[in-house]
Each structure stands twice: as C-alpha cells, then as structure tokens.
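Here is the structure we will look at, set down as structure tokens.
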Amino acid sequence: MPLTRLVYYSRPVALGDADIDDILTRSYANNYLKNVTGALFFNGEWFVQVLEGGRQTLSDLFVRISADPRHRAVCLLDVSAITERVFADWDMRYIGGQPAQEAVIKRFMPQGFDPVTVTDGATMTRILKALADAGAERPEAPPPATPRA
Ligand SMILES: Cc1cc2nc3c(=O)[nH]c(=O)nc-3n(C[C@H](O)[C@H](O)[C@H](O)COP(=O)(O)O)c2cc1C
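Letter 14 of the sequence shown, counting from 1, is numbered 52 in my numbering, and no numbers are missing.
As structure tokens, then:
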C-alpha cells in the first residue's frame, strides 16, 4: 500500500485529561498494530493530527476518528503520498501546550495558533515536528507484544 500522510484539524468538545489519556491509549495500541505513526496536537481549542501509514488504513482510521464525539468540525487538510515518515518513532506523538512550544508557535503563527491559516499538509507537518522537537516527550504506554507488520 502506498505510504500516505493524512492531516486534519478539528474543534475539541470540553475535554479533560482523562479524555486525552483515553484517546492516546487507544491510539498507541491501534496504531502500533496497523503500522500507523503520527502526532496529535491539542491546546484546548484545537486538535491537529498528522497520520502516516498505508492509504486504505488511514482512510478507514480517518472515517472512525471523524465520527468520534470528542471533537467536531473536522476539517481534512491533506492526503498525500510520502516517501518517508516524519514521526517514524511514534505510534502517536502527543503535543500538548508546553511553555517551550510557545516560541515555536509564535515563529510559525505570529497571531497565535490557528490551523485555518496553514495552506498545506507539508507545512502543518513541519510545524508539528518543530513543536514536538521543542517539547518534552510524554511517555508512551508500552506497546503490545505483537510485532509491527
Ligand atoms: C482527536 C482524536 C484523535 C484520535 N486519534 C486516533 C488514532 O490515531 N488512532 C486510533 O486508533 N484512534 C484514535 N482516536 C480514537 C478513535 O476515534 C476511536 O475512539 C478509537 O480508535 C476506538 O478504539 P477501540 O476500537 O480500541 O475502542 C482519536 C480520537 C480523537 C477524538
């Protein structure tokens, strides 16, 4: 299956830490099994997610994610063929609002974080990668025993 990148943003409903933990726990387990990698940005106002994996896998996953009642106004920004993964080391790299990331957000978006102003998926992926590099990593749950396909 062609290696594909899918990028979307959405508006979270009122969520607590337990909701984010649940989303991440499911993502770590499911994405590992499906050879999906990526990053999830959340700042209380926006979700932005980059997903990397097989085309059909991502299409199925996006249909499932977009029906999730924990967010609304899901906007698909990009589906593109890619040659390599940017987030190859993460089942789902979580990017929460850490102070160290504020400077990065200012650099890309001087008016404040607003995914609507980002024109394409490659740019959004670069922004999420810069944010991931600036912030501390949230420890992932140990992967299940099944090896990657
Ligand atoms: C913003 C957001 C991002 C999500 N990202 C993923 C993801 O990367 N992988 C995943 O399997 N589920 C993700 N989910 C959760 C799915 O919508 C769904 O709840 C989950 O896949 C069901 O998992 P289960 O079949 O193990 O219960 C996300 C949900 C939200 C709201």
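Beta carbons are placed, not taken as given, at the ideal position from N, Cα and C, and that holds for glycine.
C-alpha gap between residue i and residue j, whole angstroms
i: N69; j: D129; result: 6 angstroms
i: G135; j: A105; result: 25 angstroms
i: G92; j: A77; result: 16 angstroms
i: I165; j: F146; result: 7 angstroms
i: G82; j: P137; result: 15 angstroms
i: P148; j: M162; result: 15 angstroms
i: S97; j: L169; result: 25 angstroms
i: E50; j: W84; result: As written in the sequence, residue 50 is Pro, which differs from the Glu given in the question. If I take the Cα positions, the gap works out to 6 angstroms.
i: T155; j: K144; result: 13 angstroms
i: V142; j: K72; result: 31 angstroms
i: D116; j: D171; result: 22 angstroms
i: L102; j: E140; result: Going by the sequence as given, residue 102 is Arg instead of Leu. Rounded to the nearest angstrom, the two C-alpha atoms are 31 angstroms apart.
heavy atom of ligand 1 below 7 angstroms from residue i C-beta
i: I133; result: no
i: F125; result: no
i: I61; result: yes
i: R110; result: no
i: M130; result: yes
i: D98; result: no
i: R102; result: yes
i: Q94; result: no
i: Q87; result: yes
Local conformation of residue i per DSSP, three classes
i: T75; result: strand
i: L89; result: strand
i: I120; result: coil
i: T157; result: coil
i: A56; result: helix
i: V142; result: helix
i: R108; result: coil
i: P137; result: helix
Paired residues, beta bridge with residue i - DSSP
i: F100; result: DSSP output for F100 lists no bridge partner at all.
i: T42; result: G91, A119
Cβ-heavy atom distance, residue i to ligand 2, below 7 angstroms
i: L78; result: As presented, the structure is devoid of ligand 2, carrying ligand 1 as its sole ligands.
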